[in-house]
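Down below is the structure, laid out as structure tokens.
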Amino acid sequence: MSEAGKNGLTYSDAGVDIDAGNLMVEKIKPAVRSTRRPGADGEIGGFGGLFDLKAAGFTDPILVAANDGVGTKLKIAIDADFHDTVGIDLVAMCVNDLVVQGAEPLLFLDYYATGKLDPDQGAAIVKGIAAGCVESGCALIGGETAEMPGMYSDGDYDLAGFAVGAAERGQLLPAGDIAPGDVILGLTSSGVHSNGFSLVRKIVSLSGLGWDAPAPFAADKKLGEALLTPTRIYVKPLLKAIRETKALKALAHITGGGFPENIPRVLPKTLSAEIELGNIPVPAVFSWLAKTGGVEPKEMLRTFNCGVGMIVVVSQENAKIVTDALATEGETVVQLGRMIERPEGGAGVIYKGTLGL
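So the sequence shown is numbered by full-length UniProt numbering: it starts at 1 and just counts up by one.
Encoded structure:
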């Protein structure tokens, strides 16, 4: 008898396995518990996650919220069957957007949607999310797992993340005193981070290499594994520098759109960032992508971070103290350029020199 003519259909017959969902929740509980912090100590499973701002030490906070995804980097994780690190990317893309506003990330919620739920795959993803939350100091207080047969092919999934942070009133960035002569510092990236992967995948396709082939730009790593290097989380070093030096004027997270799209977002319209391209320490992965895909330097700079994942603007007299504070916390800091008066009809970012591809 055909399934359509069968009596007593169940949700499982339609492709949704409630038991698999329950099993995944049990598998992820230890990872979620590891993210507890002052203000959040509940157990997942309720209808909403709670957070106590007073217990987190805030007196007059402004809430700052951000959401993001991982983009088509997920296709590499799916094709390479390696799901341990994309959760870190998910958190990084959200919490880095909070800290650039001077906010401390406090809580995180995830959305994981798939065609057919694999509890082990789901648990690997959430363990990565928990690792990102621990690294950024925020609590994973809830999330949603959606099994949607017919919406996603078997094995495919998508992720979205939602982060909330807080800053005391009057301490948000960017500050209003950015001026010509201010120094632009760059914090190095861990690689491609989570932007431009539609172009990355096209270049890999042109190269003819499989995800399990040796990475031409990384010794002892497979191509898929090397490209899945997670996005660097800059939260704790930046918060420490903000609080200790009180000298950071602006921060810009270099994501999709690269330098020309992201730096002007935090600048007055009267100023331009003058960037010395020769000072950028370009990782080998970008050189390989540019060469293999024949990608022009200008296109590289508006698609990828090219080696700098975060921009810091400080006054000239405070450049050393901020550099030292960030270096002490493990960041590699490079002096990228300075703020100048914006030329008539000029762009928000002006390049000098040549990118070392």
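Glycine included, every Cβ here is placed at the ideal spot set by N, Cα and C.
Boundaries of the beta strand (DSSP E) in which residue i is found, first to last residue
i, result
"LYS352", "349-352"
"VAL25", "Counting along the chain, VAL25 falls outside any beta strand (DSSP E), though it belongs to the alpha helix (DSSP H) covering 18-33."
"GLU147", "139-147"
"LYS249", "248-253"
Close beta carbons around residue i, own chain, < 8 angstroms, minus the five adjacent residues each side
i, result
"LYS240", "ALA325 and GLU329"
"GLY161", "ASN67, ASP68, GLY69, LEU90, VAL91, MET93, CYS94, PHE108, LEU109, ASP110, TYR111 and ILE129"
"SER198", "GLY71 and THR72"
"LEU206", "THR292 and GLY293"
"residue 418", "Shown here, the chain extends from 1 to 357; a query on residue 418 therefore has no answer."
Sequence-distant residues of its chain with Cβ nearer than 7 angstroms to residue i (five each side left out)
i, result
"ILE178", "LYS249, ALA250, LEU267, PRO268, LEU271, VAL313 and MET339"
"MET1", "The predicted model places MET1 with a pLDDT of 48, which falls under 50 and marks its position as unreliable, so this point remains unresolved."
"HIS83", "ALA77, GLN121, ALA124 and ILE125"
"ILE263", "ALA252, ALA273, ILE311, GLY348 and VAL349"
"ASP60", "GLU168 and ARG169"
Per DSSP, cross-strand counterpart(s) of residue i
i, result
"SER272", "ILE340"
"GLY165", "VAL64 and PRO105"
"ALA14", "According to DSSP, which records beta bridges pairwise, ALA14 is partnered with nothing at all."
"GLN335", "LEU185"
"LYS236", "Beta-bridge pairing links LYS236 to no other residue."
"PHE214", "For the record, residue 214 in the displayed sequence is Pro; it is not Phe. BP columns for PRO214 point to LYS222."
"LEU159", "TYR112"
"ALA40", "ARG37"
Residue span of the alpha helix (DSSP H) that contains residue i, given as start and end
i, result
"PHE108", "Unbroken run through PHE108 is the beta strand (DSSP E), 104-114; no alpha helix (DSSP H)."
"PRO61", "Not the alpha helix (DSSP H): PRO61 falls in the beta strand (DSSP E), residues 61-69."
"GLY309", "GLY309 -> not in any alpha helix (DSSP H); beta strand (DSSP E) instead, spanning 308-314."
"GLU135", "119-136"
"PHE286", "284-293"
"MET151", "Counting along the chain, MET151 falls outside any alpha helix (DSSP H), and DSSP gives it neither H nor E."
"SER198", "197-207"
"LYS54", "Premise fails: LYS54 is in no alpha helix (DSSP H) and is neither H nor E."
"VAL95", "86-99"
"GLY258", "258-262"
"residue 364", "Coverage of the chain is limited to positions 1 through 357, which leaves residue 364 absent and any answer about it impossible."
"GLU299", "297-303"
"THR328", "319-328"
Member of the options whose CA lies at the smallest distance from the CA of residue i
i, options, result
"LYS75", "ALA55, ASP68 and LYS202", "LYS202"
"LEU159", "SER207, THR145 and VAL95", "THR145"
"GLY196", "GLY346, THR72 and MET24", "THR72"
"TYR152", "THR245, ASN96, ALA327 and GLY115", "GLY115"
"VAL200", "PRO119, VAL308, ARG37 and ALA290", "ALA290"
"GLY15", "ARG342, GLN335, ASN305 and PRO149", "PRO149"
"ALA55", "ALA284, GLY39, SER34 and PHE259", "GLY39"
"VAL32", "ARG265, GLY137, LEU53 and ILE242", "GLY137"
"GLN335", "ILE280, PHE58, GLY176 and GLY21", "ILE280"
"GLY57", "PRO105, GLU276 and GLY46", "PRO105"
Own chain, CB closer than 6 angstroms to residue i, minus 5 neighbours either side, in chain order
i, result
"SER315", "ASP182"
"VAL64", "LEU98, GLN101, ALA103 and GLY165"
"PRO230", "THR85, ILE88 and ASP89"
"THR332", "THR188"
"ALA131", "ILE88"
"ALA238", "Rather than Ala, the amino acid found at residue 238 in this sequence is Leu. Closer than 6 angstroms at Cβ, skipping near neighbours: VAL99."
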